[in-house]
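Residues in the sequence shown are numbered consecutively from 0, following numbering that gives the first Met the number 0.
Encoded as structure tokens, the structure appears first; notes follow it.
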Amino acid sequence: MREKAQHNTSPTKAQRIDNPMGKRLYKIKEASAYLGLPVWSIRTLIWNGFPYLKIGHTQYLDIRDMDAFIDREKQTLT
0 MREKAQHNTS
10 PTKAQRIDNP
20 MGKRLYKIKE
30 ASAYLGLPVW
40 SIRTLIWNGF
50 PYLKIGHTQY
60 LDIRDMDAFI
70 DREKQTLT
């Protein structure tokens with residue numbers, strides 16, 4: 000008799016740290032929480048060319064673009 004392989008579908012520790020919600024696309028309000036910025040700052044980013052998807056009337060931001068934004072905008076004291 001064959002036993003079925005058990006697949007762990009829960010995210011790994013690293014995935015929970017990088018992506019606490021476990022998804023790739025975020026609505027504006029969710030992106031606001033993820034980035035720690037006000038909703039209007041997210042809208043301003045979009046108006047200034049930040050990439051987004053529009054599905055129906057809803058705008059979504061890709062977590063990969065948000066992470067790249069964070070990496071680009073980091074500053075250090077010199």
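Ideal Cβ positions, reconstructed from N, Cα and C, are used throughout, including at glycine.
Limits of the unbroken alpha helix (DSSP H) element including residue i
{"i": "lysine 28", "result": "27 to 34"}
{"i": "leucine 52", "result": "No alpha helix (DSSP H) contains leucine 52, which is instead part of the beta strand (DSSP E) from 52 to 54."}
{"i": "arginine 42", "result": "38 to 46"}
Residue range of the unbroken beta strand (DSSP E) whose run includes residue i
{"i": "leucine 60", "result": "57 to 61"}
Cβ-Cβ distance between residue i and residue j below 8 Å
{"i": "tyrosine 59", "j": "leucine 24", "result": "yes"}
{"i": "aspartate 64", "j": "proline 50", "result": "yes"}
{"i": "valine 38", "j": "isoleucine 54", "result": "no"}
Buried or exposed (CB count within 10 angstroms, at least 16 for buried), residue i
{"i": "alanine 30", "result": "buried"}
{"i": "isoleucine 41", "result": "buried"}
{"i": "leucine 76", "result": "exposed"}
{"i": "leucine 44", "result": "buried"}
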